[in-house]
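K.L.:
Residue numbers (our numbering), protein chains in the order written: chain A, 1 to 131; chain B, 132 to 262; chain C, 263 to 393.
Let me begin by handing over the structure; questions about it come next.
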Amino acid sequence: MHAVDVVAMLALLQYLVFGSLVGKARGRYGVKAPAVTGAEGFERVYRVQMNTLELLVPLLPALYGAARYWPQAYVAAAGGVYLVGRVLYYRAYVSEPSSRGLGFVLSIAPVMTLVIATLVPALLGKPLLVA
Amino acid sequence: MHAVDVVAMLALLQYLVFGSLVGKARGRYGVKAPAVTGAEGFERVYRVQMNTLELLVPLLPALYGAARYWPQAYVAAAGGVYLVGRVLYYRAYVSEPSSRGLGFVLSIAPVMTLVIATLVPALLGKPLLVA
Amino acid sequence: MHAVDVVAMLALLQYLVFGSLVGKARGRYGVKAPAVTGAEGFERVYRVQMNTLELLVPLLPALYGAARYWPQAYVAAAGGVYLVGRVLYYRAYVSEPSSRGLGFVLSIAPVMTLVIATLVPALLGKPLLVA
């Protein structure tokens, strides 16, 4: 198993699922494209997708960046925490936006960790691991 | 020719063109930054750019991910379908948002395909192709 | 030092800082999630983050793409211009949105340059540099 690829693709699939939930919420709350406001219930689902997009953009390069310097298992584990964090974030945001803190922390902390875990060895010129 | 790099960069250029069309639509419909609402015509062009952003985020890692397991020509062909799908999506959305279905399907299907085409061999531990 | 990784991770960190400024602006201007409108001061900070997201999506693949064809120092230098451009863009947008032109040009020009710098040698089949 190529654990980093697996985690990366699961993060993309999870995001695509959030996207399909936005599509369903359009129908359910009667919010027609191009509008993205007008019903609180729709906006919550939409904000989960947008926030996930906002985190995926740094997650993916940091995941593959860290995998060039650290063992694959550690990098994949950080990605696993992110995946769980996003599920908690989705559940919390949809039921009560102000309770989304834990899910947010569990999804942004791995992103920050992976960025730093790439930046520091890159600055120090640590040798690259062979893929 | 490095077909996957070519398709990836064409997808980025296409997206940058959509972005420049949003800039023009700001002037044409009198929507001043930081507003992103206020004129339906502007919002349509803006939503095309946003939706393209939403798809590019999974497309790029999945394109390069799939290229580690499959022949470059197949991966590039999936990217080519995406590029055509986006053109159809843009045309349809600007003229009538509710007709955007075909363009959307033609652009999300290659993304889904490439994600799965990376996930499955990564899970099975299929050997990586040499770049 | 692995200059391209360093620049890439600094671009991600800069973006995460912009994200945290959006969080602070929510409190300061009293804009509660899921709303993203309602106070001009909040919207300016939010638009900086969104515009940075919109540029990061092409920047990262183009940075790593160009690094496969060109010396690392040139590619990292283009990334450095982007980083400075984003700082100018943030300062300008927050004080007066209509003055954001210079920062925008300095951040989009390196992105365009890197996309073209990947596309052209990929089309011509220029040999890949060893990482």
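Ideal Cβ placement from N, Cα and C applies to all residues, glycine included.
Which same chain residues end up closer than 8 Å to B:A204 when comparing Cβ atoms and leaving out the 5 residues on each side of it in sequence?
P.N.:
The residues are A134.
K.L.:
Please list, in chain order, the chain A residues whose beta carbon lies closer than 8 Å to that of B:E174.
P.N.:
By Cβ distance, chain A contributes P34 and A35.
K.L.:
Hey, could you find the ends of the alpha helix (DSSP H) C:M271 is sitting in?
P.N.:
Its alpha helix (DSSP H) spans residues A265 to Y291.
K.L.:
Which chain A residues are close to B:L254, counting only those with a beta carbon under 7 Å from its beta carbon?
P.N.:
Simply M1 and V6.
K.L.:
How long is the line joining the alpha carbons of A:M112 and A:Y69, rounded to whole angstroms?
P.N.:
Answer to the nearest angstrom: the Cα atoms are 16 Å apart.
K.L.:
So, does the CB of B:G169 fall closer than 8 Å to a CB anywhere in chain C?
P.N.:
It does not; no Cβ of chain C falls within 8 Å.
K.L.:
For the segment 305-391 of chain C, which segments carrying the alpha helix (DSSP H) assignment without a break, of at least 4 residues, lie completely within its bounds, in sequence order?
P.N.:
Runs of the alpha helix (DSSP H) inside the segment 305-391 of chain C: 334-357 and 363-386.
K.L.:
Alpha carbon to alpha carbon, how far is B:E174 from B:S226? Give it in angstroms, no decimals.
P.N.:
Their backbone Cα atoms lie some 12 Å apart in a straight line.
K.L.:
Residues of chain B with a CB under 8 Å from the CB of C:T375: which are they?
P.N.:
What C:T375 touches in chain B: nothing, since even the nearest Cβ is about 12 Å away.
K.L.:
Quick one: does B:V188 have its CB under 8 Å from some CB of chain A?
P.N.:
Yes, B:V188 lies at the interface with chain A (some Cβ there is under 8 Å from its Cβ).
K.L.:
Grouping DSSP H, G and I as helix and E and B as strand, with all else coil, what is B:G172?
P.N.:
The answer is helix: DSSP assigns B:G172 an H, G or I state.
K.L.:
Please return the same chain residues whose Cβ sits closer than 8 Å to the Cβ of A:G103, not counting the five positions on each side in sequence.
P.N.:
Closer than 8 Å at Cβ, skipping near neighbours: G85, R86, V87, L88, Y89, Y90, R91, A92 and Y93.
K.L.:
Using CA coordinates, which residue listed in C:M263, C:V269 and C:S282 is at the minimum distance from A:A109?
P.N.:
Of the candidates C:M263, C:V269 and C:S282, the one whose C-alpha sits nearest the C-alpha of A:A109 is C:S282.
K.L.:
Suppose the cutoff is 8 Å on Cβ atoms and the five residues either side in sequence are ignored; what does the same chain contact list for B:L131 look like?
P.N.:
Coverage of chain B is limited to positions 132 through 262, which leaves residue 131 of chain B absent and any answer about it impossible.
K.L.:
Using a Cβ distance threshold of 8 Å, determine whether the segment 264-278 of chain C contacts the segment 292-307 of chain C, with at least three qualifying pairs required.
P.N.:
Output reads no: the segment 292-307 of chain C does not touch the segment 264-278 of chain C.
K.L.:
Can you grab the Cα-Cα spacing for the pair A:I116 / C:V268, in whole Å?
P.N.:
For A:I116 and C:V268, the distance between alpha carbons rounds to 10 Å.
K.L.:
Decide if A:E54 is buried, meaning its Cβ has at least 16 other Cβ atoms within 10 Å, or exposed.
P.N.:
Flag for A:E54 reads buried.
K.L.:
Below 8 Å on the Cβ atoms is my guess for C:L376 versus C:L325; work out the distance and round it to an integer in Å.
P.N.:
Contact flag correct, Cβ pair sits at about 6 Å.
K.L.:
Against A:Y74, what residues of chain B qualify as contacts under a CB-to-CB distance less than 9 Å, listed in chain order?
P.N.:
Within 9 Å Cβ-Cβ: nothing; A:Y74 doesn't reach chain B, min ~17 Å.
K.L.:
If we ignore side chains and look at the alpha-carbon of each, how far apart do B:G232 and B:V179 end up?
P.N.:
Looking at the two C-alpha atoms, the distance is approximately 13 Å.
K.L.:
Is the Cβ-Cβ distance between A:M9 and B:A253 less than 8 Å?
P.N.:
Cβ distance < 8 Å, so A:M9 and B:A253 count as in contact.
K.L.:
Taking the alpha carbon of B:R159 as the point to measure from, which residue in B:G172, B:L214 and B:L191 has its own alpha carbon closest?
P.N.:
Taking only the C-alpha atoms, the option nearest B:R159 is B:G172.
K.L.:
Quick check: what's the CA-CA separation for A:Y82 versus A:S107?
P.N.:
The alpha-carbon atoms of A:Y82 and A:S107 are separated by roughly 4 Å.
K.L.:
Determine the direct distance from the alpha carbon of A:A66 to that of A:V75, and round the result to whole angstroms.
P.N.:
Using only the alpha carbons, I get a separation of about 7 Å.
K.L.:
Nearest to A:S98 by CA position, among C:F280, C:V279, C:M263 and C:R288, is which residue?
P.N.:
The shortest Cα separation from A:S98 among C:F280, C:V279, C:M263 and C:R288 belongs to C:R288.
K.L.:
In chain order, what residues of the segment 7-25 of chain A put their CB closer than 8 Å to some CB of chain B?
P.N.:
Hits within the stretch, in order: A8, M9, L10, L12, L13, Y15, L16 and G19.
K.L.:
Is it buried or exposed, A:P58, if we count other Cβ atoms within 10 angstroms and call 16 or more buried?
P.N.:
Per the 10 Å Cβ criterion, buried.
K.L.:
Using a beta-carbon distance below 8 Å, is C:R290 in contact with chain B?
P.N.:
No, C:R290 does not count as interfacial toward chain B.
K.L.:
Rounded to whole angstroms, what is the Cα-Cα separation between C:G292 and C:F280?
P.N.:
The straight-line gap from Cα to Cα measures roughly 18 Å.
K.L.:
Determine the burial state of B:G154: buried for a count of at least 16 other Cβ atoms within 10 Å of its Cβ, exposed for fewer.
P.N.:
Exposed, since its Cβ has fewer than 16 Cβ neighbours within 10 Å.
K.L.:
How would you call A:G79, buried or exposed, if buried means at least 16 neighbouring beta carbons within 10 angstroms?
P.N.:
The residue is buried, with at least 16 neighbouring Cβ atoms inside 10 Å.
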